[in-house]
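Peer 1: These protein sequences, in sequence, are chains A and B. Residue numbers 8 to 217, in this note's numbering, belong to the letters of the first sequence in order. Residue numbers 8 to 217, in this note's numbering, belong to the letters of the second sequence in order. This is the structure I want to talk about, given as structure tokens.
2 protein chains.
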Amino acid sequence: MTDASFGGVTPDAARRLLLGAVDAFAERGFHATTTRDIAGRAGMSPAALYIHYRTKEELLFHISRVGHEQSVAVLAEAVEQAPDCAARLAAAVRAFVRWHAEHHTTARVVQYELAALEPEHYELIVALRRRSEEILRGVLEDGVASGRFAVDDIRGTTLALMSLCVDVARWFRPEGRRTPDEVGALYADLALRMAGDCGAAPAGVTSSSG
Amino acid sequence: MTDASFGGVTPDAARRLLLGAVDAFAERGFHATTTRDIAGRAGMSPAALYIHYRTKEELLFHISRVGHEQSVAVLAEAVEQAPDCAARLAAAVRAFVRWHAEHHTTARVVQYELAALEPEHYELIVALRRRSEEILRGVLEDGVASGRFAVDDIRGTTLALMSLCVDVARWFRPEGRRTPDEVGALYADLALRMAGDCGAAPAGVTSSSG
DNA sequence: GTCTATATCACGATAGAC
DNA sequence: GTCTATCGTGATATAGAC
Chain A
8 MTDASFGGVT PDAARRLLLG AVDAFAERGF HATTTRDIAG RAGMSPAALY IHYRTKEELL
68 FHISRVGHEQ SVAVLAEAVE QAPDCAARLA AAVRAFVRWH AEHHTTARVV QYELAALEPE
128 HYELIVALRR RSEEILRGVL EDGVASGRFA VDDIRGTTLA LMSLCVDVAR WFRPEGRRTP
188 DEVGALYADL ALRMAGDCGA APAGVTSSSG
Chain B
8 MTDASFGGVT PDAARRLLLG AVDAFAERGF HATTTRDIAG RAGMSPAALY IHYRTKEELL
68 FHISRVGHEQ SVAVLAEAVE QAPDCAARLA AAVRAFVRWH AEHHTTARVV QYELAALEPE
128 HYELIVALRR RSEEILRGVL EDGVASGRFA VDDIRGTTLA LMSLCVDVAR WFRPEGRRTP
188 DEVGALYADL ALRMAGDCGA APAGVTSSSG
């Protein structure tokens, strides 16, 4: 099992099913995954799944909700702790990317299997996702207002930043040449460049801003 | 039908099936799409599909191959025509993004349904995709060598650029607030910033190539 | 709560008439 | 080449014993 994010889920069988579903969905996709496969990974019979979850889709919804809540929390925490807006952007992107790399299995399900959710579940998840976008956009807006960043199209740049961070879940492999932290650091630098950050690059010239 | 990229496919029924498959795969994903659905969109019976294609997977392979070949061609052409390396990067990203936005239906299938391909087909497609990456990396390398760009991690930055461009296919909607050309222009500007382009106008003044 | 066994259904793909 | 009809398979989900 790739992920420790569902440690709080009880009973034990429900958690094992959840972890099995994450792995299976990430590998094959929701529709190509069978309930037999999920139950098998959890060491149970196919029927046992339905004791803990009403449908296969409910499993996906559970994974998506917990995953999104976690990534939003990570992002929000990173933004809170940084002193100025350049540090906030760097910390936000770094933390968000690191989460998507470390939890790439969960993240892949969370980000790329949304279409398989039932309409009302989908709406709920999209609302969560919008919060991530708003946090990032807020950082960009502050930086532009304070003169630290130079961005014409804030919405468009936010969208691009989200794209960049989220897509890490698609290509990241733990056996690859970069650690989650290294990808986070690279992407934080790229984000500052995209934001037109003038104060950072050459020699540690930092102008504090609100 | 959203796409005119398969105009050369004959006979007519084979093309209609291909176009139906593109739409269906883009909407629901490969595994959630039924052969009945594809045939229905083409105005035919389920059995007719098997006159023109051996399996459902063969349809996906055909779409993926043609789509990838087109996007690589668009990218290669853009790179060839530009005079210097900054113009090359801008033109490459602009053209590549525009293709992914204009052909977002095809592009979505091409980029996000690869996992459903049979192993040998998958390998063939991945080889095509690698060529896109190499073109972009080449532009970055030239720019760094000539001193025009400032990039530490060329491979990583290439990966990020690819991510950014390709992900356009996931979120782009024709009814959204930006045209394919506008997204292309924005992303070309962002790409120059990511490359640390020093010779361009001061940060924030988006005088990108248009 | 978990199992074995199974109901029910829809899928991909084929057969054979025209 | 296209149709109607259908085969065989494997899917989700349920029933009922333990």
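All C-beta atoms in this analysis are idealised placements derived from N, C-alpha and C, irrespective of residue type, glycine included. Remember, predicted model here, so these are calculated numbers, not experimental data.
At the level of alpha carbons, what is the spacing between B:S153 and B:A94?
Peer 2: Spanning the two alpha carbons is a distance of roughly 14 Å.
Peer 1: With 8 Å set as the bound, which would you pick, yes or no: does the beta-carbon of A:D149 sit closer than that to a beta-carbon of chain B?
Peer 2: With 8 Å as the cut-off, A:D149 does not count as an interface residue toward chain B.
Peer 1: Could you round the C-beta distance between B:L193 and A:G163 to whole angstroms and report it? I think they count as a contact, below 8 Å.
Peer 2: That pair is a contact at about 5 Å.
Peer 1: Put B:S170 into one of helix, strand or coil per three-state DSSP.
Peer 2: Note: B:S170 maps to helix in three-state DSSP.
Peer 1: Is any beta-carbon of chain A found at less than 8 Å from that of B:S52?
Peer 2: Chain A, which has no Cβ nearer than 8 Å to the Cβ of B:S52, makes this no.
Peer 1: Is the beta carbon of A:A55 sitting closer than 8 Å to the one on A:A85?
Peer 2: No, these two residues do not count as a Cβ contact at 8 Å.
Peer 1: Using a Cβ cut-off of 8 Å, which residues of the stretch 114-137 of chain A contact any Cβ in chain B, in chain order?
Peer 2: The residues in question are Y119, A122, A123.
Peer 1: Kindly say whether B:T164, judged by its beta-carbon, lies nearer than 8 Å to any beta-carbon of chain A.
Peer 2: Answer yes: the Cβ-Cβ gap between B:T164 and chain A drops below 8 Å somewhere.
Peer 1: If B:M201 and A:L197 are in contact, beta carbons under 8 Å, what's the gap, nearest whole angstrom?
Peer 2: About 5 Å separates the two Cβ atoms, so the contact holds.
Peer 1: Whose Cβ in chain A lies nearer than 8 Å to the Cβ of B:R160?
Peer 2: Arg is not the amino acid found at residue 160 of chain B; the sequence shown has Asp there. Simply L193.
Peer 1: Hey, B:I70 and B:V116: beta-carbon distance below 8 Å or not?
Peer 2: Yes, Cβ-Cβ distance for B:I70 and B:V116 is below 8 Å.
Peer 1: For B:A98, I'd like the list of residues in its chain whose CB is within less than 6 Å of its CB, leaving aside the five on either flank, ordered along the chain.
Peer 2: Hits under 6 Å: A85, A89.
Peer 1: Check whether the Cβ of B:S170 lies closer than 8 Å to any Cβ atom in chain A.
Peer 2: Yes, contact with chain A.
Peer 1: Quick check on DSSP: helix, strand or coil for A:S215?
Peer 2: Confidence is the limiting factor: at A:S215 the pLDDT is only 45, short of 50, which leaves the residue's position unreliable, though a coordinate-based value still follows. The answer is coil: DSSP assigns A:S215 none of H, G, I, E or B.
Peer 1: Let's test the definition: count the other Cβ atoms within 10 Å of the Cβ of B:D30 and tell me whether it reaches 16, buried, or not, exposed.
Peer 2: Its Cβ being crowded by 16 or more others within 10 Å, B:D30 is buried.
Peer 1: B:L67 and B:E120 look like a contact to me (Cβ under 8 Å); what is the Cβ gap, rounded to whole Å?
Peer 2: The Cβ separation is near 6 Å, so the contact holds.
Peer 1: Closer than 7 Å, Cβ to any Cβ of chain B: which residues of the stretch 36-48 of chain A, in chain order?
Peer 2: So the close ones are G36, H38, A39.
Peer 1: What does B:D3 reach in chain A if we use C-beta pairs closer than 7 Å?
Peer 2: In this structure chain B extends from 8 to 217, so residue 3 of chain B is not present and cannot be described.
Peer 1: Give the straight-line distance between the Cα atoms of B:D44 and A:E65, rounded to the nearest whole angstrom.
Peer 2: In a straight line, the C-alpha of B:D44 is about 25 Å away from that of A:E65.
Peer 1: For the alpha helix (DSSP H) that B:H69 lies in, which residues bound it at each end?
Peer 2: It spans 63-88 - the alpha helix (DSSP H) in which B:H69 sits, taken as one unbroken run.
Peer 1: Where does B:C92 sit, in a helix, a strand or coil, going by DSSP?
Peer 2: B:C92: helix per DSSP, three-state reduction.
Peer 1: When the cut-off is 8 Å and only beta carbons count, does B:A20 lie next to chain A?
Peer 2: Not one chain A Cβ lies under 8 Å of B:A20.
Peer 1: Can a CB atom of chain A be found closer than 8 Å to the CB of B:A33?
Peer 2: Answer no: the Cβ-Cβ gap between B:A33 and chain A never drops below 8 Å.
Peer 1: Could you work out which residues of chain A lie near B:L66, taking near to mean beta carbons separated by less than 7 Å?
Peer 2: Going along chain A, no residue has its Cβ under 7 Å from B:L66, so there is no contact; the nearest lies around 16 Å.
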